[in-house]
Amino acid sequence: MRIKIKTLFTDLSLLNKEITVCGWVKTLRKQKNIAFLEINDGSIFTNLQIILESRVANEPLLQQLSPGASVSVTGTLQKSQGKNQSVELIAQKLHLYGSADPNQYPLQKKQHSFEFLRTLAHLRPRTNTQGAVLRVRNALAFATHTFFHNRSFLYLQTPIITTSDCEGAGEMFQVTTLKEPFARLPDQSIDHSKDFFKKKSYLTVSGQLNAECFACALSDVYTFGPTFRAENSNTSRHLAEFWMIEPEMAFATLEDDMELAQSYLKFTAEYVLQHCPKDMEFFDQFIEKGVIERLRHVIDQPFEQISYTEAVSILQHAKKKFEYPVKWGGDLQSEHERYLAEEHCKKPLIVTDYPESLKAFYMRRNDDKKTVAAMDVLVPKVGEIIGGSQREERLDILCEKIEKMHLNKDDYWWYLDLRRFGTVPHAGFGVGFERLILFITGMENIRDVIPFPRFPGSAEF
Ligand code: 4AD
Ligand code: MG
Numbered sequence: 365m366r367i368k369i370k371t372l373f374t375d376l377s378l379l380n381k382e383i384t385v386c387g388w389v390k391t392l393r394k395q396k397n398i399a400f401l402e403i404n405d406g407s408i409f410t411n412l413q414i415i416l417e418s419r420v421a422n423e424p425l426l427q428q429l430s431p432g433a434s435v436s437v438t439g440t441l442q443k444s445q446g447k448n449q450s451v452e453l454i455a456q457k458l459h460l461y462g463s464a465d466p467n468q469y470p471l472q473k474k475q476h477s478f479e480f481l482r483t484l485a486h487l488r489p490r491t492n493t494q495g496a497v498l499r500v501r502n503a504l505a506f507a508t509h510t511f512f513h514n515r516s517f518l519y520l521q522t523p524i525i526t527t528s529d530c531e532g533a534g535e536m537f538q539v540t541t542l543k544e545p546f547a548r549l550p551d552q553s554i555d556h557s558k559d560f561f562k563k564k565s566y567l568t569v570s571g572q573l574n575a576e577c578f579a580c581a582l583s584d585v586y587t588f589g590p591t592f593r594a595e596n597s598n599t600s601r602h603l604a605e606f607w608m609i610e611p612e613m614a615f616a617t618l619e620d621d622m623e624l625a626q627s628y629l630k631f632t633a634e635y636v637l638q639h640c641p642k643d644m645e646f647f648d649q650f651i652e653k654g655v656i657e658r659l660r661h662v663i664d665q666p667f668e669q670i671s672y673t674e675a676v677s678i679l680q681h682a683k684k685k686f687e688y689p690v691k692w693g694g695d696l697q698s699e700h701e702r703y704l705a706e707e708h709c710k711k712p713l714i715v716t717d718y719p720e721s722l723k724a725f726y727m728r729r730n731d732d733k734k735t736v737a738a739m740d741v742l743v744p745k746v747g748e749i750i751g752g753s754q755r756e757e758r759l760d761i762l763c764e765k766i767e768k769m770h771l772n773k774d775d776y777w778w779y780l781d782l783r784r785f786g787t788v789p790h791a792g793f794g795v796g797f798e799r800l801i802l803f804i805t806g807m808e809n810i811r812d813v814i815p816f817p818r819f820p821g822s823a824e825f
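Numbering-wise (my numbering), the sequence shown opens with residue 365 and increments by one.
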């Protein structure tokens, strides 16, 4: 029976037993009558060392055990003599599934840049870094479901194809089956009543509006799915396709929203430190020195909380020169967000009560009539990781805002019904899953924390 390498390091009952492991060759060190082979199967960061005597692997076979070759090995598991590993396998039998010609295999033992590895997205899962990233990504998905399950939130799947623009920013990919020559309306625009859904439709930018329908019936729900944004942002923080976690709570205010966001980030950080210690040691040593310490700090300290107005004042008094000027009413740029989190607060902070004109139509208008009950969570390394708000539950004000922002009220008839019938105060937020992974691992570029990144000009693989 095949046993995962992770199990070999944890299950002491396997010592001195005959077992079979499979994996890909990482290194081979040859001595006179013996060779040391290291393989990995992706289940844990640590490689398994295998002792090969010449009767098990002769020289022609050893020749083929170059990095990337795939093997299965049967042998006896022993406590290791060396100090770098706890157990090792004394091989009795070795089977080579497939060699990887060192003259052609693109992943050589030397360090490759992350940029170069993006061009090999099909093979980069075999690198140490990508293995660690995927294991942490997996743990974070599991932690997310655990967190919301523990708080009795219901997991809801919302549509990927939609006809409404949740954020009102117009950054949507269109979905169509129309082919040329297009049917045209009298004004020469394309006639979408002939399209698959009989109207213009898009890939969703957020599941929030749909999640609100279920929160306004079942109280606490969350979504966790892919979202799409056709913004032409070539940055290390933006993807055209990313995953978002969106909780939505009924009978809740901005205070509840901030509590949930803070608890969520602390819980997921703690979960990864507990469940991925080897991967986190690697990130700590090679990707961001001190990342474990940084996360411990995040878990132990309460987040800072300031209003947008206070944030603007802090930035205006900062000794730092910013590329973009700061004034009340303007958007906080990524450089401003990072200054607040990294230099001013030196920890995560929640910025609340943004000007109404900067935020989406659904956010609840504050009594000052200038700001809305919004909150963004900003963290060191990443900047904005969470965006959320209390939702406008008053029908008349919501209608007024939809008109003011030049959106088509008819498109939102069902959303408005939630306010017409049994309206309740409610609130929610969205976590960018890949930004969460950047925050937890210390990785620098969002394209390196999603298996197959999509960004302007690139949908290869
Ligand atoms: O702030 P955003 O646009 O909020 C919403 O979409 C709301 N509907 C969420 C809600 O209240 N239910 O996006 C939420 C988060 C951001 O804070 C950011 O972490 C991430 O999604 N995000 C992106 N991540 C990667 N690439 C992009 N292009 C992103 N745009 C937003
Ligand atoms: Mg936002």
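Glycine included, every Cβ here is placed at the ideal spot set by N, Cα and C.
Go ahead and pull the three-state DSSP assignment for Phe-400.
Reading the sequence shown from its first residue, position 36 is the one you call residue 400. In the structure shown, Phe-400 sits in a strand (DSSP, three-state: E or B).
Straight-line CA distance for Ile-408 to Trp-778?
Looking up residue 408 in the sequence shown gives position 44. Looking up residue 778 in the sequence shown gives position 414. So the alpha carbons of these two residues sit roughly 48 Å apart.
Give me the Cβ distance between His-700 and Phe-686, rounded to the nearest whole Å; I'm assuming they're in contact under 8 Å.
By one-based count along the sequence shown, residue 700 stands at place 336. By one-based count along the sequence shown, residue 686 stands at place 322. About 6 Å separates the two Cβ atoms, so the contact holds.
Assuming Lys-630 contacts Ile-663 under a Cβ cut-off of 8 Å, what Cβ separation, rounded to an integer in Å, is found between them?
For the purposes of this step, residue 630 is identified with residue 266 of the sequence shown, where counting begins at 1. For the purposes of this step, residue 663 is identified with residue 299 of the sequence shown, where counting begins at 1. About 5 Å; that satisfies the 8 Å criterion.
Take Thr-543 as the anchor and find which of Lys-558, Ser-583 and Thr-787 has the nearest alpha-carbon.
Working through the sequence shown from its first residue, we reach residue 543 at position 179. It is worth fixing the name first, because residue 543 is Lys in this sequence and not Thr. Among Lys-558, Ser-583 and Thr-787, the Cα nearest to that of Lys-543 is on Lys-558.
Any heavy atom of ligand 2 closer than 7 Å to the Cβ of Gly-792?
Residue mapping note: residue 792 aligns to position 428 of the sequence shown, counting from 1. Outside the cutoff, so no.
Taking 8 Å as the threshold (C-beta atoms), are Met-536 and Val-569 in contact?
On the sequence shown, residue 569 is found 205 positions in, with the first residue counted as 1. On the sequence shown, residue 536 is found 172 positions in, with the first residue counted as 1. For Val-569 and Met-536, yes; Cβs fall inside 8 Å.
Can you name the start and end residues of the alpha helix (DSSP H) that Met-622 belongs to?
Sequence index remark: in the sequence shown, residue 622 carries index 258 (1-based). Note, Met-622: alpha helix (DSSP H), 618-639.
In whole angstroms, give me the CA-to-CA distance for Ala-614 and Phe-517.
As a position in the sequence shown, residue 614 is number 250, starting the count at 1. As a position in the sequence shown, residue 517 is number 153, starting the count at 1. If you take the alpha carbons of Ala-614 and Phe-517, they lie about 11 Å apart.
With Pro-611 as the anchor, note down where its beta strand (DSSP E) starts and where it stops.
Locating residue 611 in the sequence shown gives position 247, where the first residue counts as 1. 605-614 is the extent of the beta strand (DSSP E) around Pro-611.
Which residues bound the beta strand (DSSP E) around Ile-415?
Walking along the sequence shown from the start, residue 415 turns up at place 51. Ile-415 -> beta strand (DSSP E) spans 412-417.
If we count Cβ pairs, one from each stretch, closer than 8 Å, do we get three or more for the segment 782-793 versus the segment 576-585?
Yes: at least three Cβ pairs fall under 8 Å.
Using a Cβ cut-off of 8 Å (strictly closer), state whether Val-636 contacts chain C.
Judged by its chain identifiers, the structure shown contains no chain C, having just a single protein chain.
Starting from the C-beta of Tyr-635, find all residues in its chain whose C-beta is less than 6 Å away, skip the five residues before and the five after it, and write them out in chain order.
The residue you call residue 635 lines up with position 271 of the sequence shown. Correct list, in chain order: Ala-507.
Would you report the Cα separation of Glu-531 and Ala-496, rounded to the nearest angstrom?
Position 167 of the sequence shown holds residue 531. Position 132 of the sequence shown holds residue 496. Whole-angstrom Cα-Cα distance: 33 Å.
With C-beta atoms as the reference, is Gly-792 less than 8 Å away from Gly-752?
By one-based count along the sequence shown, residue 792 stands at place 428. By one-based count along the sequence shown, residue 752 stands at place 388. In contact: Gly-792 and Gly-752 (Cβ atoms closer than 8 Å).
Whole angstroms is fine: what's the gap from Met-608's alpha carbon to Ile-524's?
Along the sequence shown, read from residue 1 onward, the residue named residue 608 stands at position 244. Along the sequence shown, read from residue 1 onward, the residue named residue 524 stands at position 160. About 12 Å.
Just the C-alpha distance for Pro-820 and Gln-456, rounded to the nearest angstrom, thanks.
In the sequence shown, the residue the question calls residue 820 occupies position 456. In the sequence shown, the residue the question calls residue 456 occupies position 92. Each residue's Cα considered, the two are about 51 Å apart.
Any heavy atom of ligand 2 inside 7 Å of the beta-carbon of Gly-571?
Position 207 of the sequence shown holds residue 571. The answer is no for Gly-571.
Are there any heavy atoms of ligand 2 lying less than 7 Å away from the beta-carbon of Glu-748, as far as the coordinates show?
Indexing the sequence shown from 1 puts residue 748 at position 384. Yes, Cβ of Glu-748 sits closer than 7 Å to a heavy atom of ligand 2.
Please report the distance separating the alpha-carbon of Lys-765 from that of Phe-725.
Numbered from its first residue, the sequence shown carries residue 765 at position 401. Numbered from its first residue, the sequence shown carries residue 725 at position 361. Each residue's alpha carbon lies about 6 Å from the other.
Less than 7 Å between the CB of Gly-694 and some heavy atom of ligand 2, yes or no?
Sequence index remark: in the sequence shown, residue 694 carries index 330 (1-based). False, no ligand heavy atom lies under 7 Å from that Cβ.
Keeping to the same chain, check which residues put their C-beta closer than 6 Å to that of Leu-416; ignore five residues upstream and five downstream.
For this step, residue 416 is matched to residue 52 along the sequence shown. So the list reads Ala-399, Leu-401 and Ala-455, once near-sequence residues are dropped.
Could you tell me the boundaries of the alpha helix (DSSP H) in which Trp-778 lies?
As a first step, residue 778 must be located in the sequence shown, where it is residue number 414. Where Trp-778 is concerned, the enclosing alpha helix (DSSP H) stretches over 777-784.
To the nearest angstrom, report how far apart Leu-426 and Leu-379 are at their CA atoms.
In the sequence shown, counting from the first residue as 1, residue 426 sits at position 62. In the sequence shown, counting from the first residue as 1, residue 379 sits at position 15. Leu-426 and Leu-379: Cα-Cα distance of roughly 26 Å.
Just to confirm, does Ser-698 get its C-beta within under 7 Å of one of the non-hydrogen atoms of ligand 1?
Taking the sequence shown and counting its residues from 1, the one referred to as residue 698 is at position 334. The answer is no for Ser-698.
For the pair the segment 591-607 and the segment 477-488, tell me if three or more CB-CB distances fall below 8 Å.
As far as the Cβ criterion goes, the segment 591-607 does not touch the segment 477-488, which means the pair count is below three.
Would Leu-471 and Leu-453 qualify as a contact pair, given that the criterion is a beta-carbon distance under 8 Å?
Position 107 of the sequence shown holds residue 471. Position 89 of the sequence shown holds residue 453. No, the pair does not count as a contact, with Cβ atoms beyond the cut-off.
DSSP three-state label for Arg-366, please.
Residue mapping note: residue 366 aligns to position 2 of the sequence shown, counting from 1. Strand.
Should Asp-740 be counted as a contact of ligand 2 given a C-beta to heavy atom distance under 7 Å?
Working through the sequence shown from its first residue, we reach residue 740 at position 376. Yes, the Cβ of Asp-740 comes within 7 Å of a heavy atom of ligand 2.
Name the DSSP bridge partner or partners of Glu-748?
Taking the first residue of the sequence shown as 1, we reach residue 748 at position 384. Glu-748 pairs with Leu-742.
Are at least three pairs of beta-carbons, each pair with one atom in the segment 480-493 and one in the segment 806-824, less than 8 Å apart?
Yes, they touch.
Classify Thr-374: buried if its beta carbon has 16 or more other beta carbons within 10 angstroms, exposed otherwise.
What you label residue 374 is simply residue 10 of the sequence shown in a count that begins at 1. Burial call: exposed.
In the DSSP assignment, find the unbroken beta strand (DSSP E) run with Val-389 in it and report its ends.
Counting from one through the sequence shown, the residue named residue 389 turns up at place 25. Unbroken beta strand (DSSP E) run through Val-389: 382-394.
Got a sec? Which residues, its chain only, sit under 7 Å from Ala-633 by beta carbon, not counting five neighbours each side?
To locate residue 633, count along the sequence shown from 1; it is residue 269. The residues are Leu-659, Val-662, Ile-663 and Ile-804.
Below 7 Å, is the gap between the Cβ of Gly-532 and the nearest heavy atom of ligand 2?
Taking the sequence shown and counting its residues from 1, the one referred to as residue 532 is at position 168. The answer is no for Gly-532.
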